[in-house]
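There are 2 protein chains.
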Amino acid sequence: MTRVRIDLFASLDGYASTTDATDENPMGEDWGRLTSAYAATRTFRQRVLGDTSGAGTTGLDDQHAAAHFEGIGAEIMGAAMFGLHSFPDDPDWKGWWGDEPPFGTPVYVLTHTAPRDPIPMQGGTTFHFRSTTPADVLAEATGAAGGLDVRVGGGVSTVRDFLRAGLVDELHVMTAPIVLGRGTRLWDDLRGLELTHTVHSEVADSGTIHVTFSR
Amino acid sequence: MTRVRIDLFASLDGYASTTDATDENPMGEDWGRLTSAYAATRTFRQRVLGDTSGAGTTGLDDQHAAAHFEGIGAEIMGAAMFGLHSFPDDPDWKGWWGDEPPFGTPVYVLTHTAPRDPIPMQGGTTFHFRSTTPADVLAEATGAAGGLDVRVGGGVSTVRDFLRAGLVDELHVMTAPIVLGRGTRLWDDLRGLELTHTVHSEVADSGTIHVTFSR
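From first to last, the protein sequence lines are chains A and B. Number 1333 marks the last residue of the first sequence (the numbering used here); no jumps. Number 1333 marks the last residue of the second sequence (the numbering used here); no jumps.
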C-alpha cells in the first residue's frame, strides 16, 4: 500500500530550512551545517555526487539516506523547490534540478501560476504542474506511483500543509544537534502529532538525532 | 571545581514550560505530559514522593534523575519558581516548596521586589533574596557551594538569562517526544550553543531524548 513519506532536516531548535542566503553566498552558511552529516554519507556521495569510490559514512545516517531513495513512485513538491519562482517569466526554464533530476519518477509541482505543460526530463523524471489541494494532488500522485510510496519533498511550507491535513504516514526528521536561531520553523501548529503517530528516535555517531513519526 | 548546571524538560518543538494552566486545572495538561517519563522514575518516586517501595523505572531516565540531585551545593532560581509573585503582599509567605524543600542547600531567589530577610527551612534549605545580575549571584552561590556545583533551577527565563550570559557549564534537556505547540520557548537567542559546548544525545526506553551540552 502506498505510504506518504517526508524526509527533512531540522536543527535542535526546529528550523527546517535556512534563511541566511545572500547574493555572495546563495546557499548561506546554515544549510551546510544543517546537512553536514547527510553530506558525509556514502549514499549521498554515490547518489548525489556520483562518487563511486565507496567513501563516506556507513552508519545510521547512511541507512536513513539510503532509505530516502527507496520505494518512491511519485514525488510532490512546492513551486519554490522546483524553482518556479526564480525565473517566472521564462517558459523554457526547467527548474533547479539539471538535465537528469534525481527523482526518476513523476514529480507534481504545486503552483498557483498559470498552467504549464509537463516537462519530461532524462532519467525518468517528468514534472507536472498542478493548482489544487494537497489531497487532490496526492490522489493523482498515488495513482501514478503504481503501488510504491509518494514522497512530499518540500519545501517546509508544502510539507507542513500535508502534515496539518493529516496526509502523511511517515515523517523522518534528521535533527542536527545545533541551535540555528533562524530559518523556517517546522513544528508550529502540529500539536499532538505524537497522538496520531508513533515516535521513534535514534542517535547516530555523528550526533544526529533521527526522529521518525509513523502510522 | 564548581560547575554551573541546568536540568530542564522540553518538548520536541522546544517548549520548556507550559502555559495552559487554568483556575480549574492549575498545573494544566501539558506539564504532566512533558514530565511523565521523569515522574515514572524510581528516583522521582523516592526523592519527591517518598515512595520507598523501589517502584519506578531504572534506565537512562532514572540515571539522569538521580544525577540531578547529586553534588549540588547551592541553587539559584527566579522569583516565580520560588512563588514570590503569587502572594506578593504576604511577608510570611515561604514559597511553594513546603516546610522541608527538596534542595537542602542555600537557594538564591532573584527578585526585583523589596529586600527580604533570609528564610531558613527544615532540611538545610535557606532561601536568600537578591536583586542583582546573574554573574553576581552566581559568584555568591559559588562561594556558598563549598566546591560543589551550583544549579540554576529555573524558570525558563532565568535559565535563558544564564545561558545567554555564557555562565552555564552543563545544560541537560530531557526532551519529550511530543509536539506541544504552546508554552515558553527554550532555544531562542541561543544560536551557536554547540560551538561553545559539546553536545551529547541519548534516547531512553521511554522515547525521551536526553540532550546534554557541556564544556
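We treat Cβ as the ideally placed atom computed from N, Cα and C, and that holds for glycine. This structure is a prediction, so every number in the text was calculated from the model and none was measured.
Neighbour flag for residue i against chain A, beta carbons, 9 Å
{"i": "Ser-1275 of chain B", "result": "no"}
{"i": "Gly-1146 of chain B", "result": "no"}
{"i": "Asp-1323 of chain B", "result": "no"}
{"i": "Glu-1188 of chain B", "result": "no"}
{"i": "Asp-1131 of chain B", "result": "yes"}
{"i": "His-1318 of chain B", "result": "yes"}
{"i": "Arg-1300 of chain B", "result": "yes"}
{"i": "Val-1297 of chain B", "result": "yes"}
Residues bridged to residue i (per DSSP)
{"i": "Leu-1256 of chain A", "result": "Paired residues: none, contrary to the question."}
{"i": "Tyr-1226 of chain B", "result": "B:Ile-1194, B:His-1246"}
{"i": "Ala-1128 of chain A", "result": "A:Thr-1293"}
{"i": "Thr-1316 of chain B", "result": "B:Ser-1332"}
{"i": "Gly-1284 of chain B", "result": "The partner list for Gly-1284 of chain B (beta bridge, DSSP) is empty, contrary to what the question assumes."}
{"i": "Val-1166 of chain B", "result": "Note: Val-1166 of chain B sits in no beta bridge, so no partner."}
{"i": "Val-1321 of chain B", "result": "B:Ile-1327"}
{"i": "Ser-1135 of chain B", "result": "B:Thr-1302"}
{"i": "Thr-1175 of chain B", "result": "B:Thr-1159"}
{"i": "Gly-1272 of chain B", "result": "B:Met-1195"}
{"i": "Arg-1123 of chain A", "result": "A:Arg-1269, A:Glu-1288"}
{"i": "Pro-1238 of chain B", "result": "B:Thr-1244"}
Spatial neighbours of residue i in its chain, beta-carbon cut-off 8 Å, leaving aside the 5 residues before and after
{"i": "Pro-1233 of chain B", "result": "Phe-1247, Ser-1249"}
{"i": "Ala-1173 of chain B", "result": "Arg-1160, Arg-1163"}
Neighbour flag for residue i against chain B, beta carbons, 9 Å
{"i": "Leu-1178 of chain A", "result": "no"}
{"i": "Trp-1215 of chain A", "result": "no"}
{"i": "Arg-1278 of chain A", "result": "no"}
{"i": "Asp-1307 of chain A", "result": "yes"}
{"i": "Ile-1124 of chain A", "result": "no"}
{"i": "Gly-1310 of chain A", "result": "yes"}
{"i": "Val-1329 of chain A", "result": "yes"}
Beta-carbon proximity check, residue i vs residue j, cutoff 9 Å
{"i": "Leu-1285 of chain B", "j": "Asp-1131 of chain B", "result": "no"}
{"i": "Gly-1196 of chain A", "j": "Asp-1267 of chain A", "result": "no"}
{"i": "His-1328 of chain A", "j": "Val-1270 of chain A", "result": "no"}
{"i": "Val-1227 of chain B", "j": "Phe-1205 of chain B", "result": "no"}
{"i": "Ala-1263 of chain A", "j": "Thr-1223 of chain A", "result": "yes"}
{"i": "Val-1175 of chain A", "j": "Ala-1158 of chain A", "result": "With the sequence shown as reference, residue 1175 of chain A is identified as Thr, and Val is not the correct amino acid for it. Closer than 9 Å, so yes."}
{"i": "Pro-1236 of chain A", "j": "Phe-1245 of chain A", "result": "yes"}
{"i": "Leu-1311 of chain B", "j": "Phe-1280 of chain B", "result": "no"}
{"i": "Ala-1139 of chain B", "j": "Thr-1293 of chain B", "result": "no"}
{"i": "Gly-1150 of chain B", "j": "Ala-1322 of chain B", "result": "no"}
{"i": "Ala-1155 of chain A", "j": "Thr-1302 of chain A", "result": "no"}
{"i": "His-1315 of chain B", "j": "Arg-1300 of chain B", "result": "no"}
{"i": "Thr-1231 of chain A", "j": "Leu-1202 of chain A", "result": "yes"}
Rounded straight-line distance, which links the Cα of residue j to that of residue i
{"i": "Gly-1216 of chain A", "j": "Gly-1241 of chain A", "result": "11 Å"}
{"i": "Trp-1214 of chain A", "j": "Gly-1272 of chain A", "result": "14 Å"}
{"i": "Val-1122 of chain A", "j": "Thr-1161 of chain B", "result": "41 Å"}
{"i": "Asp-1307 of chain B", "j": "Pro-1220 of chain B", "result": "31 Å"}
{"i": "Leu-1152 of chain B", "j": "Asp-1254 of chain A", "result": "36 Å"}
{"i": "Gly-1146 of chain A", "j": "Thr-1229 of chain A", "result": "25 Å"}
{"i": "Gly-1261 of chain B", "j": "Met-1119 of chain B", "result": "11 Å"}
{"i": "Asn-1143 of chain A", "j": "Arg-1278 of chain B", "result": "31 Å"}
{"i": "Glu-1288 of chain B", "j": "Asp-1208 of chain A", "result": "54 Å"}
{"i": "Arg-1165 of chain B", "j": "Lys-1212 of chain B", "result": "21 Å"}
{"i": "Asp-1148 of chain B", "j": "Leu-1167 of chain B", "result": "20 Å"}
{"i": "Arg-1282 of chain B", "j": "Leu-1313 of chain A", "result": "34 Å"}
{"i": "Arg-1309 of chain A", "j": "Pro-1238 of chain B", "result": "42 Å"}
{"i": "Asp-1210 of chain A", "j": "Asp-1141 of chain A", "result": "24 Å"}
Close Cβ partners of residue i (< 6 Å) along its chain, the five nearest in sequence each way excluded
{"i": "Gly-1325 of chain B", "result": "Pro-1295"}
{"i": "Ala-1259 of chain B", "result": "Ala-1192, Ile-1194, Tyr-1226, Val-1268"}
{"i": "Asp-1125 of chain B", "result": "His-1186, His-1290"}
{"i": "Asp-1180 of chain B", "result": "Thr-1159, Arg-1160, Thr-1161"}
{"i": "Ala-1198 of chain A", "result": "Gly-1273"}
{"i": "Val-1317 of chain B", "result": "Phe-1331"}
{"i": "Thr-1136 of chain A", "result": "Gly-1146, Asp-1148, Trp-1149, Gly-1301"}
{"i": "Thr-1276 of chain A", "result": "Gly-1196"}
{"i": "His-1182 of chain A", "result": "His-1328"}
Nonlocal neighbours in the same chain, by C-beta distance under 7 Å from residue i, ignoring five residues either side
{"i": "Trp-1305 of chain B", "result": "Gly-1132"}
{"i": "Thr-1243 of chain B", "result": "Pro-1219, Phe-1221, Gly-1222, Thr-1223, Val-1225"}
{"i": "Gly-1189 of chain A", "result": "Leu-1266, Asp-1267"}
{"i": "Glu-1320 of chain B", "result": "Leu-1178, His-1328"}
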